[in-house]
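Chains as they are written, first to last, in the working numbering: chain Z, 3 to 506; chain L, 3 to 506. Just so you know, even glycine gets a beta-carbon here, dropped at the ideal spot from N, CA and C. Note that this is a predicted model, so its numbers are computed, not measured. Just below is one structure, and these are the notes that go with it.
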């Protein structure tokens, strides 16, 4: 049917993951197929096929007989300049019925979940539909079976690694605590002991930095699967971005929409974490759950519910798992933001005098747990062994070796725009609001601007004089610095100076 | 700050309601402000200001020093060719915090609801954020106070009409029943009696036709407020599209996202309906609630809950309201789709032999209720009076007068592509699935293609022979006809022939 073919034009428009096709209003294909604005359109070329959302164009941007493609549509289609493609109505996406039933409070069975994830992986869900699914999972919650279904389903639609070893470890922090960048230290300690830890990390979802963002300031992190395997086989560990190895392509879609909504579903969180562990071939996993009034997990009861869910799902899918509930009342270390956190990591590994004691203590504790569940020492002696490996420089050597194997170690960037926040009164620091502090760091440009963020000068309990610096704001542009400052002016109590009200 | 100004270019791209700004990747404003893909950008010109989502462009589509605007951004800004504008970070939208709290199960107070609606009306919510809000309202439900809050809030952000009369009536059907196009008939009967009924209707949300879609095949419906007032003052009634008079601009945003998600929230439904009644200046309202296993309201219990909610909210906001629960087990009339339904309406008003008896009976019943709550006859005698006005031609004259006053009566369009669905076996029609039949009509192009839809030839209980026509598919293009046929092949039991299983 030659009348349904149009010549493809690469418009160079980055519409993010959602594929968009731009067709002229007078297009004969639009008319004969009955396409209208917001139609979901099926595009088939010699190179492949995809589904895209239609934006109608008036005024010559796209010529009659042509169809403009967004970058994501162009890439999904594997299109070539001058190529033509066939256009038709996108077939009805049957799994949307299951998505809607979830919105109305029904429970999804494994077949429905698998169908949803397969359609998402094939690009058949629009952003608005992914947003509805995520919101329903957050709002109505997910049953244990649903979480197991999402975990298994997410593994099934991505790549899966198999290592020829009985014990492959991993650690994960559920996040919400600015600056809690223990992962590179734990990986360095554990890998230095010869325990395999093929670590894939995410970029930030709703925080100013993910481990992948921080590591990217020290070495390349977007390695593909063969490159990742080479690094792990050589060094026992790696620290790469999970998105690049496509271990969980659907999770990346979820994360992108979660980020723009700034919401997290507990069930989705567990499925997201554990699916990536299974896909990465891990057998033993330690989960760090920081608890504090302004952390992601706010109280002990929520922590118990979350750790229980992690343990139940791990049992179902056959992973050994240990959860560690840690103090989440204030940020860890001094830096918040990719490069600033990387500097804290380096200080701990190099055992310098400025190394933040809290970051060091947490990393040693978690590395000890990993060593213990890997059965590489007696129960109760893991932390001691971890400290030895850190203090004698083996961990620092290992991080350098891993960075070199990933493509070469580098210096974290330095910010070009700075501003100091000063105490307006004297007294002890009563509290630090993790959430709003994270927001300031994001407004300053983190994680997209690697050098941006916050360098804390004080901790809860420290006494300060009026005019003493509380923290320093770092940005890469004047606009971002100003944006963060404007927000700070409306939030004078992010660091509260004075007697805590909690004791009254 | 001249360095933050860019020249505006109208790209002619219809991105629907969501405003999009297209900026080149090497743009100095992007760099100095730290914008990245998906940033929400504040644009300020001499004509106005708006917030838009950033799409980064590579490859010369937008030149350095320029910013391309989508149609919605161009219009919101009131931009002129050659004009420049200032670009900065969009201020944080504080009400998104309230939206997120709803996702996590908290109840919204009136202040939070008002803030959300004000931000939505100002274009500060992205489609993904509206989708999350709607999903949360559907999934978690809304309390009575929340529904009242949304109702009042939606009135407050739009225009409001005030008529100098004590009694101004309205009627509304909660929908879900294909072909149930009583409104034009009820308005004609009621207005013929001199009762004021300034009817604004919506276009289809998830159905093949809304009353506005159907009326548009008979007369112009996109009248502005002064034009609407002239029609009502002359004829006592009108039948126009509510979107054009901006009585509830936020509701139009909700409806657009609801349509693409194909979900409805009960609380949002009540708020949407009643806010438009209040905004239109109505004092007395009749609500038609069709109930059937494949209607929007599936059983008596759901109908009771919905009518109770309508009555409670109406009491809170001070309108007289009567709900009428009607039979929703099968479509009403013969046509499904704008023009096909308009032909049924004309047949009833003209009292022809082909007039569908069920549509006539329902319109008479509802018109009777409207006449009774308007206190224009004794209780129990409304239907009799309605029938007289219909039978003596006064209602038909009134519809013609209203259509002329709205800009001129016209003939509904006729489809160009048709196909008959034949019974595969003999027997009685056991059931008709409203939902899937509506879906077929939509796949055939309704409501965007006005002539598209379905003409039913049989009703539940009719006996058919093998090969006898069950319904006729109407489309305006070959592609749409084929699309609906393809779906029909996978759904052989939309009209079930044979003994009903219900009795066994």
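Could you tell me the distance, in whole angstroms, from the CA atom of residue i to the CA atom of residue j?
i                      : j                      : result
residue 153 of chain Z : residue 172 of chain Z : 17 Å
residue 42 of chain L  : residue 117 of chain L : 19 Å
residue 365 of chain Z : residue 346 of chain Z : 12 Å
residue 17 of chain L  : residue 445 of chain L : 22 Å
residue 151 of chain L : residue 97 of chain L  : 15 Å
residue 386 of chain L : residue 331 of chain L : 25 Å
residue 408 of chain L : residue 400 of chain L : 12 Å
residue 206 of chain Z : residue 215 of chain Z : 7 Å
residue 489 of chain L : residue 95 of chain Z  : 12 Å
residue 298 of chain Z : residue 65 of chain Z  : 50 Å
residue 295 of chain Z : residue 301 of chain Z : 7 Å
residue 30 of chain Z  : residue 447 of chain L : 16 Å
residue 79 of chain L  : residue 225 of chain L : 23 Å
residue 58 of chain L  : residue 87 of chain L  : 18 Å
residue 509 of chain Z : residue 382 of chain Z : The requested residue 509 of chain Z is not part of the displayed model; chain Z covers only 3 to 506.
residue 213 of chain L : residue 286 of chain L : 20 Å
residue 73 of chain Z  : residue 19 of chain Z  : 9 Å
residue 69 of chain Z  : residue 415 of chain L : 30 Å
residue 9 of chain Z   : residue 24 of chain Z  : 12 Å
residue 495 of chain L : residue 283 of chain L : 45 Å
residue 487 of chain Z : residue 413 of chain Z : 27 Å
residue 484 of chain L : residue 101 of chain Z : 26 Å
residue 254 of chain Z : residue 450 of chain L : 35 Å
residue 436 of chain L : residue 209 of chain L : 10 Å
residue 405 of chain Z : residue 261 of chain Z : 28 Å
Does any residue of chain Z have a CB that is nearer than 8 Å to the CB of residue i?
i                      : result
residue 45 of chain L  : no
residue 419 of chain L : no
residue 13 of chain L  : yes
residue 57 of chain L  : yes
residue 140 of chain L : yes
residue 4 of chain L   : Any reading at residue 4 of chain L must be qualified, since the residue scores a pLDDT of 39, below 50, and its modelled position is unreliable; the value itself is stated next. With 8 Å as the cut-off, residue 4 of chain L does not count as an interface residue toward chain Z.
residue 108 of chain L : no
residue 505 of chain L : Residue confidence is low: residue 505 of chain L scores 38 on pLDDT, short of 50, so the model does not pin down where it sits. Its coordinate-derived value is still stated next. Closer than 8 Å: no.
residue 479 of chain L : yes
residue 262 of chain L : yes
Comparing the CB of residue i with every heavy atom of the ligand NAD, is any distance shorter than 7 Å?
i                      : result
residue 265 of chain L : The ligand NAD is absent from the structure shown, which contains no ligands of any kind.
Determine which residues share a DSSP beta bridge with residue i and list them.
i                      : result
residue 7 of chain L   : L:88
residue 421 of chain L : L:475
residue 55 of chain L  : L:22 and L:42
Please name the residue in the options whose C-alpha comes closest to that of residue i.
i                      : options                       : result
residue 163 of chain L : L:487, L:175 and L:201        : L:201
residue 343 of chain Z : Z:20, Z:247, Z:270 and Z:185  : Z:185
residue 28 of chain Z  : Z:55, Z:49 and Z:67           : Z:67
residue 424 of chain L : L:395, L:405 and L:468        : L:468
residue 464 of chain Z : Z:8, Z:491, Z:432 and Z:276   : Z:432
residue 105 of chain Z : Z:137, Z:438, Z:178 and Z:304 : Z:137
residue 93 of chain L  : Z:372, Z:413, Z:315 and Z:441 : Z:441
residue 257 of chain L : L:438, L:135, L:49 and L:222  : L:135
residue 181 of chain L : L:449, L:335 and L:218        : L:335
residue 128 of chain Z : Z:46, Z:375 and Z:252         : Z:252
residue 146 of chain L : L:372, L:307 and L:84         : L:307
residue 374 of chain Z : Z:323, Z:103, Z:6 and Z:349   : Z:323
Beta-carbon of residue i versus every beta-carbon of chain L: anything under 8 Å?
i                      : result
residue 66 of chain Z  : no
residue 265 of chain Z : yes
residue 91 of chain Z  : yes
residue 250 of chain Z : no
residue 102 of chain Z : yes
residue 10 of chain Z  : no
residue 476 of chain Z : no
residue 219 of chain Z : no
residue 18 of chain Z  : yes
The region 189-208 of chain Z contacting the region 158-172 of chain Z, beta-carbon criterion three pairs below 8 Å: yes
Three-pair Cβ contact test at 8 Å for the region 277-296 of chain L versus the region 314-334 of chain L: yes
Stretch-stretch touch, CB-based, cutoff 8 Å, three pairs: the region 470-479 of chain Z with the region 441-461 of chain Z: yes
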